[in-house]
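When you line the sequence shown up against our numbering, it's residues 30 to 328, in that order. Every residue gets a Cβ at the ideal spot worked out from N, C-alpha and C, and that includes glycine. Notes follow once the structure below has been shown.
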Amino acid sequence: MLECKNITKKFGEFTALDDVTVKMPEGKIFGLLGPNGAGKTTLIRIINRITIPTAGEVILNGKHVTDEDVRAIGYLPEERGLFKKMKVGEQSLYLARLKGMSTSDATAELKKWFIRFGIQGWWDKKVEELSKGMAQKVQFITTVLHHPSLLILDEPFSGFDPVNAQMIREEILRLRDEGTTIILSTHNMESVEELCDNIALINKSHLVVTGGTDEIRRRYGSNQVEVLYRSAEPLPACDAYSVFSDEEHKETRRAVLDVAEGCGSKEVLTALVAAADVVSYRELVPRMNDIFIKLVTGK
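The structure is reproduced here in structure tokens:
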């Protein structure tokens, strides 16, 4: 659906993005990752035409993105901003009208969303009376109200307690299932594993890695498995695996094994069953948090 091709952005002598190319598939959740200052927000602003790239192009549905296309995008920036002296309902209607909705359609949709998020009693309250979490609920609602085909969320879980963060996660998944393409920029790696189909990691203005989330996790794995087993003795090494670690674990023992090149689970399990009473067996796939740290710091 969206392709950023060879994007470079310079601010004077400073290069915020250096020849970055990413493809964001339709109807999926795309994680845009990177440490602070990596260039993620700059890329988001280029997609929204808030700023123009020094070089490169943004292609949306096969065409160069235009100001009219931006009207159909839902964008929740990391920097929150509601007019504190306005009433919640009045503010929400104003933002909906900016996206081209009629007053009647916007009012009807807002009532539904306010009930869903449990804030129907806040319509006539001033924004300054809202807690941070309540205000962020209002901003999320106004971001998705006009049914955007492309939704860009920059740190959408910031400031939410676990219950409300889960509510937002469920809404993001529901919107994806209804066909919305979503770009999710976040430092919450658990949310990346739970939500994202594809990711791109940017570091120091350069694209470091991009691809499917599961494929990347396996790519940076170390071909290890974890085994819980019952035996009086530690596992012996064999041709199918070598023992990386082996220790007592509650009522069993826990071993981490380095699988030999060319061997699969069948060979490993055959050797294990002959040596011990196997309780559980699982492949060890690295967490996105570990991959993020490794690619950013080299450690």
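Which of helix, strand or coil DSSP assigns to E223: Here E223 sits in helix by DSSP.
What does DSSP give as the partner residues of H235 in its beta bridges? For H235, which the question treats as bridged, DSSP gives the partners N232.
Which residue wins for smallest C-alpha separation from A289, given the options K116, I58, C267? Taking A289 as reference, the option from K116, I58, C267 with the minimal CA-CA separation is C267.
Kindly indicate which residue of R311, T83, L230 has the alpha-carbon position closest to the one of E42. For the residues R311, T83, L230, the minimum Cα distance to E42 belongs to T83.
For I73, which of N252, W142, D183 has the nearest alpha-carbon? Of the listed residues, the one whose Cα sits closest to I73 is D183.
Counting Cβ pairs closer than 8 Å, one from the segment 271 to 287 and one from the segment 236 to 244, do we hit at least three? The segment 236 to 244 and the segment 271 to 287 do not touch, with fewer than three beta-carbon pairs separated by less than 8 Å.
My parser needs the beta strand (DSSP E) runs of 3 or more residues fully inside the segment 46 to 80; what are they? With a minimum length of 3 residues, the continuous beta strand (DSSP E) runs that stay inside the segment 46 to 80 are 58 to 62.
Nearest to S178 by CA position, among K140, K38, K128, is which residue? Of the candidates K140, K38, K128, the one whose C-alpha sits nearest the C-alpha of S178 is K128.
Beta-carbon within less than 8 Å of K114's beta-carbon, same chain only, minus the 5 sequence neighbours each way: which residues are those? Only K155, V156, E157 meet the Cβ criterion.
Beta-carbon proximity of P64 to N232, cut-off 8 Å: In contact: P64 and N232 (Cβ atoms closer than 8 Å).
In chain order, what residues of the same chain have a beta carbon less than 7 Å from the beta carbon of S133, not counting five sequence neighbours either side? The beta carbon of S133 sits closer than 7 Å to none of the beta carbons in its chain outside the five residues before and after it.
8 Å Cβ shell around H93 - same chain, five flanking residues per side excluded: Cβ within range, chain order: E86, V87.
What did DSSP end up calling E277 once you bin it into helix, strand or coil? Strand, per DSSP.
Return helix, strand or coil for Y123, following the three-state DSSP convention. Helix.
Look at E55 and T281 and say whether their C-beta atoms are less than 8 Å apart. The criterion of a C-beta distance shorter than 8 Å is not satisfied by E55 and T281.
Contacts around I81, its chain only, beta-carbon distance under 8 Å, and the 5 residues preceding and following it disregarded: These residues qualify, in order along the chain: I75.
I need the DSSP call for A84, collapsed to helix, strand or coil. Secondary structure of A84 (DSSP, three-state): strand.
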